[in-house]
Amino acid sequence: MNNCCVQSVPPDSSYEALGQPVEDWMARLAAGLNRCIQNTNQTMGDLEREILQQTQGLERKLLAEASQKKADQSPPVCSKCGNQLSRLSQGHERTYQTRFGPVSIRRSRGWCKRCKAWRFPADYALGLEETGSASPSVQEMAALVGSKMPVAEASAVLERLTGVKLPPATLDREARRQGKRAERKRKELDQQLMDSQGSQQLVALGQEPFTLVIEVDSWNIRERDDWGRSQQKRAAGIEPARWHWVYGGTCFRLNQRTQSQSGRSIILSRATVMTRQGVGGLREQLFAECLRQGLGKAAEVLVIADGAMWIWNLVQDRFAHASQRLDFYHASQHLWAVAHALHPEDELAARQWIEPLLKKLKAGRSISVIAELEQVTKRLRAKRRAAAQSELEYFRTHRDRLDYRAAKQRGQPLGSGAIEATCRQYQCRFKRPGQFWTQSGDEALMCLETFWRNGRWQLLFPHASDPSKN
Ligand SMILES: [Zn+2]
């Protein structure tokens, strides 16, 4: 709740920065450009640089003046509760890092009796409240490059491309702050859907009945939450854990899956979830994502994943009516384990044994495959028998998830390749050699990456979208 849109003072339409100094700038710019044109070694790149350099001072001055005007007209009310502020004082100066360099703004400060806190209404009006000292554009830059690449590299790339200087530690702090904000936004959006208030979030659906495909997987990430306390922990009988599970899921309508010219499957539109907040976190986020993608209207829901039991428990819990399929590649790997138990030294014999079985599996004859496994298990002894027995149990457990014939007939994927590829892409950022994370840090940056992938970036940085196009 706020009253910041109330404009009691009409804005002053004159700008000091657009007066006399503009002529000086224009003269300097023209001279610089002419120098570039005459110098045969210089290219369009030099012209671009020249224009940027010569106009940046003007841009910064304009931003400072306009921001100060906006600050001056922000009403003295609390941004959190709307209460009128008391004990007002003026001239509290603060410097912000902006797209055009540092800009200082003088703000008024007041006391909110209800919140029992000092408030700076200008910070709220300018979008600077939930940040260290970065302007909204710089907040976005830090969030974007910080979630895409390691901070030292991100800092150098950002400066090279935009001229904005954010040292790695500052960039890291700002990116995480934005990631935390993204987590709060995600929670708010998901909650709206749960409360049946998020109809504007639902994707547009045609009249045709459709199948919603859900794929689930996990990978692990290295963290250092207990860094430096290992000895202490071990003394207390606790082995410090470094590797932790990241859970991921994706969902899409089957009619969004098509083939590229080279015959590779591509999915035109889909949504992704990736989280360090445990299976419970994945379950809730994935459910919300599926609602957005049309879960409530789907003619069929299909879940594809590997054999991990937590996945199928989650499915039972949240998607009880869904059809289920075991990823074909994982199933074939388990058959290969039996082939190697049968023919440990003979790859050719192993292959000869497995090939008809893989064909049967693809043809939907899983009962026959399981019968064959029962036969061979009986023939084996000791360790090899135990190995085959455990694979037999695996196929028995998943016997109702093996209908690959139906999958082919209906044009459905046989495996969970889409989410596996997505997990690998996240790992390119979050699982680099020598990287250690903290749980709160990786969740925040992963959340930013997921907003970006799901096409919801503008919900975090509305200034980035052009309002005239809405
Ligand atoms: Zn208040």
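Take 870 as the starting number for the sequence shown in the numbering used here and just add one per residue.
Built from N, CA and C at the ideal position, the CB exists for glycine as well.
Give me the Cα-Cα distance between residue i and residue j, rounded to the nearest whole angstrom.
i: methionine 1010; j: threonine 912; result: 28 Å
i: leucine 1217; j: alanine 1255; result: 23 Å
i: serine 1241; j: glutamine 1069; result: Sequence check: residue 1241 is glutamate here, not serine. So the alpha carbons of these two residues sit roughly 53 Å apart.
i: glycine 816; j: phenylalanine 1121; result: In the structure as shown, the chain starts at 870 and stops at 1339, and residue 816 therefore has no counterpart that could be examined.
i: leucine 927; j: aspartate 1064; result: 49 Å
i: leucine 916; j: alanine 896; result: 15 Å
i: tryptophan 1181; j: phenylalanine 1188; result: 10 Å
i: valine 1142; j: glycine 888; result: 52 Å
i: valine 1170; j: proline 1078; result: 11 Å
i: leucine 1027; j: leucine 1035; result: 8 Å
i: valine 1184; j: isoleucine 1136; result: 22 Å
i: glutamine 922; j: leucine 932; result: 16 Å
i: leucine 957; j: arginine 976; result: 11 Å
i: methionine 1178; j: valine 1238; result: 22 Å
i: leucine 954; j: glutamate 1052; result: 30 Å
i: glutamate 885; j: arginine 1139; result: 49 Å
i: leucine 1261; j: glutamate 1312; result: 38 Å
i: isoleucine 906; j: aspartate 893; result: 20 Å
i: isoleucine 1288; j: arginine 963; result: 45 Å
i: alanine 1208; j: proline 1282; result: 25 Å
i: glutamate 1318; j: glycine 970; result: 26 Å
i: alanine 1219; j: threonine 1119; result: 35 Å
What first and last residue would you give for the beta strand (DSSP E) that runs through residue i?
i: leucine 1115; result: This sequence places valine at residue 1115; leucine is not what is there. Looking at the DSSP string, the run of the beta strand (DSSP E) that includes valine 1115 is 1112-1122.
i: glutamine 966; result: 955-967
i: threonine 1266; result: Threonine 1266 -> not in any beta strand (DSSP E); alpha helix (DSSP H) instead, spanning 1251-1266.
i: threonine 1291; result: Where threonine 1291 is concerned, there is no enclosing beta strand (DSSP E), although the alpha helix (DSSP H) it sits in stretches over 1286-1299.
i: serine 977; result: 970-981
i: tryptophan 987; result: 986-988
i: serine 1002; result: From DSSP, serine 1002 is part of no beta strand (DSSP E); its letter is neither H nor E.
i: arginine 1126; result: 1126-1128
i: serine 1192; result: 1192-1195
i: isoleucine 1107; result: Run containing isoleucine 1107: none; DSSP gives neither H nor E here.
i: glutamate 1169; result: 1169-1174
i: alanine 1073; result: Taken as a continuous stretch (DSSP letters only), alanine 1073 belongs to no beta strand (DSSP E), as it is neither H nor E.
In terms of residue numbering, what span does the alpha helix (DSSP H) encompassing residue i cover?
i: valine 1026; result: 1020-1031
i: leucine 1182; result: Sequence inspection shows asparagine at residue 1182; the leucine mentioned does not correspond to that position. 1178-1187 is the extent of the alpha helix (DSSP H) around asparagine 1182.
i: serine 936; result: 913-941
i: proline 1078; result: Careful: proline 1078 lies outside any alpha helix (DSSP H) and carries neither H nor E.
i: cysteine 1240; result: In the sequence under discussion, the amino acid at residue 1240 is alanine, which differs from the cysteine named in the question. It spans 1235-1248 - the alpha helix (DSSP H) in which alanine 1240 sits, taken as one unbroken run.
Between the Cα of residue i and the Cα atoms of the options, which residue gives the shortest distance?
i: glycine 1001; options: Arg978, Ala886, Arg975 and Ala1044; result: Ala1044
i: threonine 1039; options: Gln1008, Gly1067 and Arg1050; result: Gln1008
i: leucine 1071; options: Leu954, Gln1162 and Gly1284; result: Gln1162
i: alanine 1003; options: Arg1029, Ser973 and Arg983; result: Ser973
i: alanine 940; options: Ala991, His1209 and Gln925; result: Ala991
i: lysine 1049; options: Leu1328, Trp1326 and Leu1314; result: Leu1314
i: aspartate 1186; options: Ala1210, Ala1168 and Glu1153; result: Glu1153
i: leucine 1211; options: Asp893, Ala1232 and Arg1250; result: Arg1250
i: isoleucine 1083; options: Asp1175, Gly996 and Ile906; result: Asp1175
i: leucine 1164; options: Asn903, Arg1145, Val1148 and Ala1191; result: Ala1191
i: phenylalanine 1320; options: Ala994, His1332 and Lys1054; result: Lys1054
i: phenylalanine 1299; options: Cys984, Val1020 and Arg983; result: Val1020
i: alanine 1167; options: Leu1151, Asn1124 and Arg1029; result: Asn1124
i: glutamine 1047; options: Leu997, Ala1073, Asp1086 and Gly1032; result: Leu997
i: glutamine 1146; options: Arg1126, Tyr1116 and Gly914; result: Tyr1116
Please find out if some non-hydrogen atom of ligand 1 comes closer than 7 Å to the beta-carbon of residue i.
i: arginine 978; result: no
i: asparagine 952; result: yes
i: cysteine 984; result: yes
i: cysteine 981; result: yes
i: cysteine 947; result: yes
Taking 7 Å as the line, does the beta carbon of residue i fall inside it for any heavy atom of ligand 3?
i: glutamine 923; result: With respect to ligand 3, the structure shown offers nothing to examine, as its ligands consist of ligand 1.
Worksheet item: Using 8 Å as the Cβ pair cut-off and three pairs as the minimum, do the stretch 1077-1093 and the stretch 1052-1061 touch?
Response: no
Worksheet entry | contact_flag[the stretch 1149-1158, the stretch 1200-1208] where n(CB pairs < 8 Å) is 3 or more | no
Worksheet item: Can we say the stretch 1122-1134 touches the stretch 1099-1106, given the rule of at least three CB pairs closer than 8 Å?
Response: no
Worksheet item: Quick one: any contact between the stretch 979-999 and the stretch 935-952, if contact means 3 or more CB pairs under 8 Å?
Response: yes
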